[in-house]
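Structure first, then comments.
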């Protein structure tokens, strides 16, 4: 019996090591493939292939599985699209950061299921997804910014709400969150600010920061409501609210050059 337990533990440890190695290879490989082929398509295909379990069931469950895995799909696709958007003619520091970041997401962040982890996962999806959308869609018709942002807002809010309670129907709330995110994106479309950091290739779209801060505040409010069994008390979120609006005010007033380019 003791030998069986040791063998079982050994197999579990080996499976864990293989799982970690495969995820690291996926994180680094998707970015490397994007750079080698100079196209985002192979990297996205690799990300989709890693989610083969979504379609390994009857078609009836495909939509539900896509919704359940939407945050992971947004994050994985965003890493690849960002690597493509910053340039594929040379390897920059940001490419290494994206590859390592995707590997960290797959091995350390995505597997966690606590309420705080769910909020962090959703915020990462909002920031990376919006950043990729801005980098690739800001120069085109606003529809290419509004629609993806709706999906990001919908998926992130659903990830937090459904994970916290599966007994309620959050369809309307998640739909509203998607609409709010897309409306903010539409308002920012003609006033797009992107912060750059020298030759590193690192870029931070202002819209991504705005939506992430709003998402953070949404998470605080949601946690307060859960804590008080459906009741909301502003005192619980007063500090996060002031902090969030202070960040937005400072960024919009002092770090938005078009305000002064009259």
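In this note's numbering, the protein residues as written are 64 to 325.
Every residue, glycine too, gets a C-beta built ideally from N, C-alpha and C.
Everything numeric in this text was worked out from a predicted model, so none of it was measured.
| Item | Value |
| --- | --- |
| Range of the contiguous beta strand (DSSP E) that encloses residue 258 | 257-259 |
| Distance, residue 101 Cα to residue 147 Cα | 7 angstroms |
| Rounded Cβ spacing between residue 189 and residue 140 (contact assumed at less than 8 angstroms) | No, residue 189 and residue 140 are not in contact; Cβ-Cβ is about 14 angstroms, not under 8 angstroms. |
| C-alpha gap between residue 138 and residue 191, whole angstroms | 6 angstroms |
| Close Cβ partners of residue 289 (< 7 angstroms) along its chain, the five nearest in sequence each way excluded | 227 |
| Bridge-paired residues (DSSP) for residue 267 | 258 |
| Every unbroken alpha helix (DSSP H) inside the region 135-168 [4 residues or more] | 156-167 |
| Span of the alpha helix (DSSP H) around residue 126 | 125-131 |
| Residue closest to residue 245, alpha-carbon to alpha-carbon, out of 120, 231, 212, 277 | 212 |
| Check whether residue 240 and residue 202 have beta carbons under 7 angstroms apart | no |
| Contact under 7 angstroms by Cβ, residue 98 with residue 151 | yes |
| Candidates 183, 232, 210, 149, of which the one nearest residue 279 by Cα | 183 |
| The region 231-240 contacting the region 162-180, beta-carbon criterion three pairs below 8 angstroms | no |
| Close-in-space but distant-in-sequence residues of the same chain around residue 284 (CB under 8 angstroms, 5 per side omitted) | 295, 300 |
| Distance, residue 105 Cα to residue 287 Cα | 43 angstroms |
| Beta-carbon separation (whole angstroms), residue 273 vs residue 224, contact threshold 8 angstroms | Their Cβ separation, rounded to whole angstroms, is 21 angstroms, which puts residue 273 and residue 224 out of contact at 8 angstroms. |
| Residue 208 vs residue 200 beta-carbon contact at 7 angstroms | yes |
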